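Sequence lines, in order, name chains A and B. Okay, so the first sequence: first residue is 1 according to this note's numbering, each after it adds one. Okay, so the second sequence: first residue is 1001 according to this note's numbering, each after it adds one. Ideal Cβ positions, reconstructed from N, Cα and C, are used throughout, including at glycine. Computed from a predicted structure; not experimentally measured. Single-structure report; data block below.
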Amino acid sequence: MANAIKVRSKIEGDVALIRLLISHPMETGLRKDTEGQLVPAHFIELLTITYQDRTVLSAQWGPAVSRNPYLAFRFKGAQKGEKLRITWVDNKGESQTDEAVLE
Amino acid sequence: MKQDRRAFLRLVSLMTAAGMLPRLAHAETWNQAAFAAKSVDDVVKLLGGSAPQQSDQVILNGPEIAENGAVVPLEISSKLPGTESIAILIEKNPNTLAATFNIPPGTLPDVQTRVKMNETCNVYALAKSDGKFYYAAKEIKVTLGGCGG
């Protein structure tokens, strides 16, 4: 969980293109380790992205989202220098919140 | 400690009254039933829909062949007016539903992400607009499955 959420942003007009890379194992619970033991499921369930106190995207994920999840989306009404806040919560109750300044 | 708790509760009630905590009050909960479902029909039902219609207004972009089933890039977009949500369903995965995205007003119904696929099968992009569900389907061939790993 040490790695910060990587955020790339690009604003065209008032539309921001946001690209995120989150560091997370996204274990399905079906994979076996080298000793043949099942690795317990560990995946992000909820993701919320807010901009100036409005939610611009929220998502629910299952373990079928790839390891170190990537997400790209676009929203209107964005301004350079304003902050985007990203929060996720996983099935073990762990969470991470990071902020990024739009550029 | 008691003092702190009271002070905190007072603060929370003030903030609630001031409308500063609307999102906490409506915090989303993970749709466990939908993510446990084993078929496209069941997922649609558990997301609150029925009889989704195929629509060319929903666009699902992905590779024809995914060499690595652990990382299959997908883009889903919708031209349906007032698209409220987008979901990704993978027919032959252990659990059909991969992800759902809520699209609030002001956000474009166009998301890109990467998913795992266990084997060659149909992938469905499901979009909700005006309370109805519409979908696009695409078969993606998988060379190396990405679930059991």
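By DSSP, does residue i sit in helix, in strand, or in coil?
| i | result |
| --- | --- |
| F75(A) | strand |
| K83(A) | strand |
| D1041(B) | helix |
| L1046(B) | helix |
| Q1032(B) | helix |
| A1007(B) | helix |
| R67(A) | coil |
Going along the chain, which residues of its own chain have a beta-carbon closer than 6 Å to the beta-carbon of residue i, five neighbours each way excluded?
| i | result |
| --- | --- |
| L1047(B) | A1034 |
| Y70(A) | L21 |
| A4(A) | D98 |
| R74(A) | V15 and L17 |
Could you work out which residues of chain A lie near residue i, taking near to mean beta carbons separated by less than 7 Å?
| i | result |
| --- | --- |
| L1097(B) | G62 |
| F1035(B) | G62 |
| F1101(B) | L57 and A59 |
Roughly how many angstroms lie between the CA atoms of residue i and residue j, to the nearest whole one?
| i | j | result |
| --- | --- | --- |
| R19(A) | I44(A) | 17 Å |
| R1023(B) | T48(A) | Unreliable positioning characterises R1023(B) in this predicted model, as indicated by a pLDDT of 44, which lies under 50. The coordinate reading is nonetheless provided below. Computed Cα separation, rounded: 10 Å. |
| K1141(B) | V1123(B) | 10 Å |
| E1119(B) | L1144(B) | 8 Å |
| K10(A) | T28(A) | 33 Å |
| A1051(B) | Y1134(B) | 9 Å |
| H42(A) | N68(A) | 12 Å |
| Q60(A) | I1103(B) | 12 Å |
| E1084(B) | A1127(B) | 7 Å |
Which residues of chain B have a Cβ atom closer than 8 Å to the Cβ of residue i, listed in chain order?
| i | result |
| --- | --- |
| G77(A) | G1106 |
Using a Cβ-Cβ cut-off of 7 Å (strictly less than) and excluding sequence neighbours within five positions of residue i, which residues of its own chain qualify?
| i | result |
| --- | --- |
| G77(A) | D14 |
| A1130(B) | Per the sequence shown, the amino acid found at residue 1130(B) is Asp instead of Ala. Same-chain partners within the cutoff: G1082. |
| G81(A) | V101 and L102 |
| R1040(B) | It should be noted that the sequence gives Val, not Arg, for residue 1040(B). If we look at V1040(B) and ignore the five residues flanking it on each side, its Cβ neighbours are L1089, E1091, T1096 and Y1124. |
Taking C-beta pairs closer than 8 Å, name the residues in chain A that residue i reaches, listed in chain order.
| i | result |
| --- | --- |
| N1093(B) | A64 |
| A1070(B) | S66 and R67 |
Find the residues of chain B that neighbour residue i, judging by a C-beta separation of less than 9 Å, and give them in chain order.
| i | result |
| --- | --- |
| R8(A) | Chain B residues near R8(A): none, gap ~12 Å exceeds 9 Å. |
Quick one: complete beta strand (DSSP E) runs, 3+ long, within the segment 13 to 40 of chain A? 15 to 21
Scan the segment 1048 to 1089 of chain B and note each continuous beta strand (DSSP E) run of 3 residues or more that stays entirely inside, going in chain order. 1058 to 1061, 1065 to 1068 and 1072 to 1078
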